[in-house]
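Take the sequence shown: its letter number 10 is residue 10 in UniProt numbering, and every next letter is one higher.
Here a beta-carbon is modelled for each residue, glycine too, at the ideal position from N, C-alpha and C.
Bear in mind the structure is a predicted one, so any value in this text is a computation, not a measurement.
Below: the structure, in structure tokens.
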Amino acid sequence: MITCYLRYEVPLGKLAEFEAYGRMWIELVPRFGGIHHGYFLPSEGASDIALAMFSFPSLAAYEQYRKDSAGDPDVQKAIDFAKQTRCFIRYERSFFRPVFP
Numbered sequence: 001m002i003t004c005y006l007r008y009e010v011p012l013g014k015l016a017e018f019e020a021y022g023r024m025w026i027e028l029v030p031r032f033g034g035i036h037h038g039y040f041l042p043s044e045g046a047s048d049i050a051l052a053m054f055s056f057p058s059l060a061a062y063e064q065y066r067k068d069s070a071g072d073p074d075v076q077k078a079i080d081f082a083k084q085t086r087c088f089i090r091y092e093r094s095f096f097r098p099v100f101p
């Protein structure tokens, strides 16, 4: 299993738009064989950081998701929404593997 961890920088006043964007992806990732663990939005204090995590059975499965999702109209809709609303400034993507007992 591989988990993708995303760290977003969200502009002030764009949290509602970012949440709408996140809700789109929560529905999309499972369509391509992944498990979405959710988006995590700032809760207390002044923060412009939001997080997301989703997993695939392997890095190869994640790479296949990237290929398969590229032409999906709902994925394009989510990407277009982010571009139109500018609901995040940038993001960082990292990959992790879990260690279980």
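Excluding the 5 residues flanking it on each side, residue 42 has same chain C-beta neighbours closer than 8 Å at 10, 15, 48, 49 and 50, in chain order.
Residue pairing by DSSP places residue 4 opposite 54 and 95 in a beta bridge. Comparing alpha-carbon positions, the option among 71, 62 and 39 lying closest to residue 97 turns out to be 62.
The beta carbon of residue 75 lies closer than 8 Å to those of 28 and 69 in the same chain, with the five residues before and after it left out.
In the DSSP annotation of this structure, the continuous segment of the beta strand (DSSP E) that includes residue 35 starts and ends at 35-40.
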